[in-house]
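Accompanying notes for the structure given below.
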Amino acid sequence: SRALACLASGGCGLAPMSGVLDGLLSPHGDCHTPPSNAAAGACPDGSGPGTAKQGLTRAKTQASLRSRCVQRELPKDRADNPVQLVVFDVDETLTLVSYMIEECDPPEVRQELVRVNFESPWVEGSRIEKLRDLLSQLRVTKSNEPRALAILSRNNKGARSVLDLLEAAGLAHFFCAIWTMPWRVTIPNGAYQDMDGKWQFFEPPVQEVDDHKADVLNEIVRKPAAWLPALADGSDPKLQYLSGLTLEGVLLVDDQRSNFQSPSGSQVLRFCKVARYDATYEGIGFVKDMGGLGAHSDADYETLRMFVNQPSMCKERLHCHCVERHFEGNQLRPPVSLVIFEFDETMTLATFVPESEAFEHDLNWDSASLASSEWTAPELLTYNFETPFVAGDRVEKLRDLLAALSTGPDGQQRTLAILTSTEQGSVVGTLNLLRLAGLADFFSAIWKINKKRKNGPFGLFKQRAEWRKFDLPDSEVPALKADTCASIAKWPAKWFPQLAQAADG
Numbered sequence: 004s005r006a007l008a009c010l011a012s013g014g015c016g017l018a019p020m021s022g023v024l025d026g027l028l029s030p031h032g033d034c035h036t037p038p039s040n041a042a043a044g045a046c047p048d049g050s051g052p053g054t055a056k057q058g059l060t061r062a063k064t065q066a067s068l069r070s071r072c073v074q075r076e077l078p079k080d081r082a083d084n085p086v087q088l089v090v091f092d093v094d095e096t097l098t099l100v101s102y103m104i105e106e107c108d109p110p111e112v113r114q115e116l117v118r119v120n121f122e123s124p125w126v127e128g129s130r131i132e133k134l135r136d137l138l139s140q141l142r143v144t145k146s147n148e149p150r151a152l153a154i155l156s157r158n159n160k161g162a163r164s165v166l167d168l169l170e171a172a173g174l175a176h177f178f179c180a181i182w183t184m185p186w187r188v189t190i191p192n193g194a195y196q197d198m199d200g201k202w203q204f205f206e207p208p209v210q211e212v213d214d215h216k217a218d219v220l221n222e223i224v225r226k227p228a229a230w231l232p233a234l235a236d237g238s239d240p241k242l243q244y245l246s247g248l249t250l251e252g253v254l255l256v257d258d259q260r261s262n263f264q265s266p267s268g269s270q271v272l273r274f275c276k277v278a279r280y281d282a283t284y285e286g287i288g289f290v291k292d293m294g295g296l297g298a299h300s301d302a303d304y305e306t307l308r309m310f311v312n313q314p315s316m317c318k319e320r321l322h323c324h325c326v327e328r329h330f331e332g333n334q335l336r337p338p339v340s341l342v343i344f345e346f347d348e349t350m351t352l353a354t355f356v357p358e359s360e361a362f363e364h365d366l367n368w369d370s371a372s373l374a375s376s377e378w379t380a381p382e383l384l385t386y387n388f389e390t391p392f393v394a395g396d397r398v399e400k401l402r403d404l405l406a407a408l409s410t411g412p413d414g415q416q417r418t419l420a421i422l423t424s425t426e427q428g429s430v431v432g433t434l435n436l437l438r439l440a441g442l443a444d445f446f447s448a449i450w451k452i453n454k455k456r457k458n459g460p461f462g463l464f465k466q467r468a469e470w471r472k473f474d475l476p477d478s479e480v481p482a483l484k485a486d487t488c489a490s491i492a493k494w495p496a497k498w499f500p501q502l503a504q505a506a507d508g
């Protein structure tokens, strides 16, 4: 129910982190994101009007399902450049869930599919009407200049299917183009509106670009005419300004955080992350990973509207973001008993290990053996744990933080553990890096989960200052950390063998 998300592109600098975590772990604080009636203009990243006062024990605690807008760091001469093109995802961004309309569907089925896809049971009023109002306003800048809207959707049924759904909802006419990916040979992958408002299908060069939205958007900036036929043939004067499209001029609205940066390094510089959630929905039953802009808060529309007009108000902040979700009994503010850390890019900035069998598998590994390695102990500490971005010794700050977290405000003991899901390296290697940094003694267990189940064992536990290996319970090792945390809460003795051994005497 409580989570710490590292929103930085690398590891945490930890300058403000100790106070933030102390607040979140306190049962008397208050750490949730602003409620839906927060002051207009308050940006979910904490910048802009409506920012909370500093120095509170803990910020707020119930995560409202709100969209989050971000402008990445830009040079000063580009930071205030206008948004020229707003690109929307469809599935779980414009829709809450996505059930595509088939050509043979009768009118009553189409009407019901539109309702299920777009309308929200959690807010009053018609969500489709609110989307129409939003899109209408986004198409015009504050200076009354045109602004283009487009669709970029990962949809195996192609542009025709996306267009049918948007037309059924009365939303299609707001967009100048639809692009779908991955590329399909037998169906249209693109569509655009001509000057008469009629939709024409075409083939954008999707197959020539890496299969990632950030790469596609970077390519659209480089060659806008290849993706916008009305710009290429000059048939739509309102689009001619896009011949000078810039990367910061593109804003992506999407429910998948991974779409904002590709493995190749391409980035989306301005984006709006739509909230995801699980819910029991509309007689369908329990549905995982639902979404939808404004599905839970009308404030989403104003947040996006203001961000499009003034993106520099929501500059990216490379800091931790703490959240407590709603759960049964949260009004009692129960204390935190167990704090679980990821290791790679959370404890470390980036993780580097020596090529050594002993380092990966020997619980009695001696750092003196690094003399024959390409790494020295100081180098491993520096490259894994130290940061050039803040003053002071980050390892010392980590030690101070972990020591503070080990004991609650009322003197109760807390347990700390590591849960990592990397497919590279071993759980013993993780322990040996922690030992090298003088951090291992703060933890009671280290677990590693991954689908391929390589580089076992998958668990280590500490008993009387001695680390021992154990196998995680096979039936209780899900691939997702949230499921793992639920399993730990349900069967703690299976994850902490020292509990079972203590019970046995």
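Going by our numbering, the sequence shown wraps up at 508, each residue one higher than the last. From the three backbone atoms N, C-alpha and C, an ideal C-beta is built for every residue, glycine too.
Taken through DSSP and simplified to helix, strand or coil, P227 comes out as helix. Counted as a single uninterrupted DSSP element, the alpha helix (DSSP H) harbouring W498 occupies residues 495–498. Note on A153: 16 or more other CB atoms within 10 angstroms of its CB, so buried under the neighbour-count rule.
About 5 Å separates the Cβ atoms of A162 and P191, confirming a contact at the 8 Å cut-off.
The segment 201–215 and the segment 169–187 touch, with three or more beta-carbon pairs separated by less than 8 Å. V100 sits in coil when the DSSP states are folded into three classes, being neither helix nor strand. Distance from the CA of R308 to the CA of Q140, rounded to the nearest whole angstrom, comes to 8 Å.
Apart from sequence neighbours up to five positions away, the residues of its chain that approach S238 with a beta-carbon distance below 7 Å are D197, M198, ordered along the chain. For T433, the enclosing alpha helix (DSSP H) has its first and last residue at 430–439. About 15 Å separates the Cβ atoms of L155 and V86, ruling out a contact at the 8 Å cut-off. With contacts defined by Cβ atoms closer than 8 Å, V100 and N158 do not form a contacting pair. If you draw a straight line from the Cα of A298 to the Cα of P476, it comes to about 38 Å. E251 is a Cβ neighbour of R273, given a cutoff of 8 Å. The beta carbon of N221 lies closer than 6 Å to those of S269 in the same chain, with the five residues before and after it left out. Around V398, the same chain offers F388, A440 as residues with beta carbons nearer than 6 Å, after the five sequence neighbours per side are excluded. For M293 against E95, the beta-carbon gap comes to about 6 Å, under 8 Å, which counts as contact. Comparing alpha carbon positions, the residue from A448, T379, I452 closest to A496 is A448. Check the Cα spacing between E363 and each of Q427, K400, V90: the tightest is with Q427. Taking M103 as the centre and dropping the five residues before and after it, the same chain places the C-beta of K160, S164, L168 closer than 7 Å to its C-beta, in chain order.
Going by beta carbons, T283 and N84 fall outside the 8 Å limit. Relative to L502, the option among A485, L373, V89, Q466 whose CA is nearest is Q466. Contiguous beta strand (DSSP E) elements confined to the segment 256–290 occur at 273–276, 280–284, taking only those with 3 or more residues.
Under DSSP, Y195 forms a beta bridge with A180, Q203.
Separation of S370 and V311 (C-alpha to C-alpha, rounded to the nearest whole angstrom) is 53 Å. Contact between the segment 334–351 and the segment 416–435 is present: 3 or more CB-CB pairs across the two stretches fall below 8 Å.
Apart from the 5 residues on each side of it in sequence, V117 sits with its Cβ closer than 6 Å to the Cβ of A171, A172 in its chain, given in chain order.
Every unbroken stretch of the beta strand (DSSP E) spanning 3 or more residues and falling wholly within the segment 309–386 is given here in chain order: 323–327, 341–344.
Residue burial is scored here from C-beta neighbours: I287 has fewer than 16 other C-beta atoms within 10 angstroms and is therefore classed as exposed. In this structure, W182 lies near P207, with their beta-carbon atoms less than 8 Å apart. Judged by DSSP in its simplified three-state form, A172 adopts coil rather than helix or strand. For S156, there is no enclosing alpha helix (DSSP H); the residue is part of the beta strand (DSSP E) that begins and ends at 151–157. Burial is judged here by how many other beta carbons sit within 10 angstroms of a residue's own beta carbon; W494 has fewer than 16 and is exposed. Here R71 carries a strand assignment [DSSP, helix/strand/coil].
Going by C-alpha positions, A420 is about 11 Å away from S340. S265 and Q259 have their alpha carbons spaced roughly 12 Å apart. For K79, the closest C-alpha among the options R142, E331, S315, E105 is that of S315.
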